[in-house]
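For the sequence shown, my numbering assigns the number 69 to the initial residue and increments by one for each residue that follows. Even for Gly, the Cβ is constructed at its ideal location relative to N, Cα and C.
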Amino acid sequence: MTELKKTILFENHQKLGANMVEFGGFSMPLYYTTIALEHQAVRNEVGMFDVSHMGEIVVKGPDALAFVNYVLSSKVEFSNKMQYGILLNDKGGAVDDLMAYVFHPDHVLLVVNASNKDKDFKYLESFIDNFNVELFDETDACGEIALQGPKSFEVLSSIFRNLPQESMKFDLYSYEGHTVLISRSGYTGEDGFEIYADLETTIKLWDKLYKSGVTPCGLGCRDTLRFEAAMPLYGHELAEDINPIEAGLTFALDLSKENFIGKDALVKYKENPKRKIVGIELLERNVARQGYEVYHNDTKIGVITTGYLSPTTQLPIALALIDINYAKIGTELNVLIRNKMIPAKVRDKKFYHKKNKI
Numbered sequence: 069m070t071e072l073k074k075t076i077l078f079e080n081h082q083k084l085g086a087n088m089v090e091f092g093g094f095s096m097p098l099y100y101t102t103i104a105l106e107h108q109a110v111r112n113e114v115g116m117f118d119v120s121h122m123g124e125i126v127v128k129g130p131d132a133l134a135f136v137n138y139v140l141s142s143k144v145e146f147s148n149k150m151q152y153g154i155l156l157n158d159k160g161g162a163v164d165d166l167m168a169y170v171f172h173p174d175h176v177l178l179v180v181n182a183s184n185k186d187k188d189f190k191y192l193e194s195f196i197d198n199f200n201v202e203l204f205d206e207t208d209a210c211g212e213i214a215l216q217g218p219k220s221f222e223v224l225s226s227i228f229r230n231l232p233q234e235s236m237k238f239d240l241y242s243y244e245g246h247t248v249l250i251s252r253s254g255y256t257g258e259d260g261f262e263i264y265a266d267l268e269t270t271i272k273l274w275d276k277l278y279k280s281g282v283t284p285c286g287l288g289c290r291d292t293l294r295f296e297a298a299m300p301l302y303g304h305e306l307a308e309d310i311n312p313i314e315a316g317l318t319f320a321l322d323l324s325k326e327n328f329i330g331k332d333a334l335v336k337y338k339e340n341p342k343r344k345i346v347g348i349e350l351l352e353r354n355v356a357r358q359g360y361e362v363y364h365n366d367t368k369i370g371v372i373t374t375g376y377l378s379p380t381t382q383l384p385i386a387l388a389l390i391d392i393n394y395a396k397i398g399t400e401l402n403v404l405i406r407n408k409m410i411p412a413k414v415r416d417k418k419f420y421h422k423k424n425k426i
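Given below as structure tokens:
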């Protein structure tokens, strides 16, 4: 059995009594107190997550920006705005979704999902022959903390000055002589920041944030938070057999670009889409889990991708990939749960909207 990897903050989690689980090949905190309490801390105040398991792949060379635009679905430009994109296969399916930071046209950082990092690196390598670029896996040298919640700006501005004022913007800062990358972004549906630093600095920042009263949060509430905000989780709402159009991620898809992997397949699919990720609300108190079948009358029309009793709304809600003919809001459906058909209806998939707008 392969030994689980540990992030630089592993000992911090142990000292806090975290319940640890395997995720993406790492031993990661699921929760410290309860998922519900940590969820509410982020919705109402501020919480922090160790996300140092995420993969960091650096693209360097004269063709770095051209290369990234060829392999990603979105139009990636040299700016101080972090850009979300999807790495596609030639059929238009998602190999992974990721964030791109362009420091310079010849220097781009790609932040990828932990479980896909090795796969992504090999996949990217397969396209470099036609570009003057080099790839570097910087994962083991980098730590990452996500500070999330309506009070995140107040907390972080006590440590760093001139924080990004707009969503998705990023900049470089200094902490005790060490470079820190901070972007105004996150995976919770709240205002927040993602903070990248070397390993030693990551520990110092975690300790400083904890001493200032920030609630440590685990992956359990990270999932319920992103789910309520209709943010996709790879392997659930996005996969090699689920494309960005089906996932509702057309904002990360620029079909006007001259060429990128999967473009032809998606142009064709857009003409006649077959499936769509939708929101579903159960009309009885129950929980629809990933893989549960969705029916219209006696016809199976799709499957649940994620489902919870929402900590914020207290409603039994889910995301589902279904036949597009049944995707209209208000459509009555059934979900098969433990051999019983539970009535449900299609609703807006964004179950939560943040209170503070930036």
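Endpoints, beta strand (DSSP E) assigned at residue i
i      : result
Cys440 : The chain is shown from 69 up to 426; residue 440 falls before or after that span and cannot be answered.
Asp118 : Gly115 to Asp118
Arg415 : Lys408 to Arg415
Tyr169 : Ala162 to His172
Phe328 : From DSSP, Phe328 is part of no beta strand (DSSP E); its letter is neither H nor E.
Ile310 : Segment: none, Ile310 is in no beta strand (DSSP E) and carries neither H nor E.
Gly123 : Gly123 to Lys128
Glu72  : The amino acid occupying residue 72 in the given sequence is Leu; Glu does not appear at that position. Leu72 -> no beta strand (DSSP E), and no H or E assigned at all.
Ile397 : Premise fails: Ile397 is in no beta strand (DSSP E) and is neither H nor E.
Met88  : Asn87 to Phe91
Pro97  : Phe94 to Tyr99
Gly153 : Gln151 to Leu156
Span separating the alpha-carbon of residue i from that of residue j
i      : j      : result
Ala307 : Leu203 : 24 angstroms
Lys185 : Phe195 : 16 angstroms
Thr283 : Arg252 : 19 angstroms
Gly330 : Ser147 : 25 angstroms
Pro341 : Glu305 : 16 angstroms
Asp131 : Asn157 : 21 angstroms
Ile392 : Arg343 : 5 angstroms
Leu277 : Phe171 : 27 angstroms
Gly153 : Met167 : 6 angstroms
Leu301 : Ser235 : 20 angstroms
Lys190 : Asp205 : 11 angstroms
Leu105 : Gln82  : 19 angstroms
Leu350 : Gly288 : 22 angstroms
Asp165 : Gly254 : 14 angstroms
Val127 : Tyr138 : 13 angstroms
Leu155 : Leu192 : 9 angstroms
Thr269 : Gly115 : 19 angstroms
Lys408 : Leu377 : 18 angstroms
Leu178 : Gln216 : 21 angstroms
Gly85  : Thr102 : 12 angstroms
Thr207 : Met96  : 16 angstroms
Lys338 : Thr70  : 42 angstroms
Ser280 : Gln382 : 30 angstroms
Under 8 angstroms between C-beta atoms of residue i and residue j
i      : j      : result
Gly375 : Ala356 : yes
Val176 : Leu133 : yes
Ile345 : Gly316 : yes
Ile385 : Gly347 : yes
Asn402 : Ala388 : no
Asp188 : Val180 : yes
Lys143 : Ala333 : no
Gly260 : Ser324 : no
Ile405 : Tyr360 : yes
Lys418 : Ala320 : no
Gly286 : Tyr420 : no
Asn87  : Trp274 : no
Run of the alpha helix (DSSP H) containing residue i, from where it starts to where it stops
i      : result
His107 : Ile103 to Asn112
His81  : Phe78 to Lys83
Leu389 : It is not in any alpha helix (DSSP H) - Leu389 instead sits in the beta strand (DSSP E) that spans Pro384 to Asp391.
Ser134 : Correcting the residue identity first, residue 134 is Ala in this sequence and not Ser. Looking at the DSSP string, the run of the alpha helix (DSSP H) that includes Ala134 is Ala132 to Val139.
Interface flag, residue i vs chain B, CB-CB below 8 angstroms
i      : result
Leu383 : The structure shown contains no chain B; it holds only a single protein chain.
### Segments of 4+ residues assigned as alpha helix (DSSP H) that fall wholly inside the region 179 to 206
Runs found: 185 to 193.
### Task
Jot down the residue ranges of each uninterrupted alpha helix (DSSP H) in the region 332 to 381, minimum 4 residues, whole runs only, in chain order.
Runs found: none.
### Stretch pair the region 262 to 276 + the region 206 to 225: three plus CB contacts closer than 8 angstroms
Result yes; three or more Cβ-Cβ pairs closer than 8 angstroms.
### Message
If we require 4 or more residues per run, which alpha helix (DSSP H) segments fall completely within the region 210 to 272?
### Response
Runs of the alpha helix (DSSP H) lying entirely within the region 210 to 272, each at least 4 residues long, are 220 to 224 in chain order.
### Query
On the three-pair Cβ rule with 8 angstroms, is the region 116 to 134 touching the region 397 to 407?
No, because fewer than three Cβ pairs between the region 116 to 134 and the region 397 to 407 fall closer than 8 angstroms, the two stretches do not touch.
### Message
Quick check: the region 108 to 118 against the region 283 to 293, are at least 3 beta-carbon pairs closer than 8 angstroms?
### Response
Proximity of the region 283 to 293 to the region 108 to 118 meets the contact definition, three or more beta-carbon pairs being nearer than 8 angstroms.
### Query
Using 8 angstroms as the Cβ pair cut-off and three pairs as the minimum, do the region 218 to 234 and the region 83 to 93 touch?
Too few Cβ pairs lie closer than 8 angstroms, so no.
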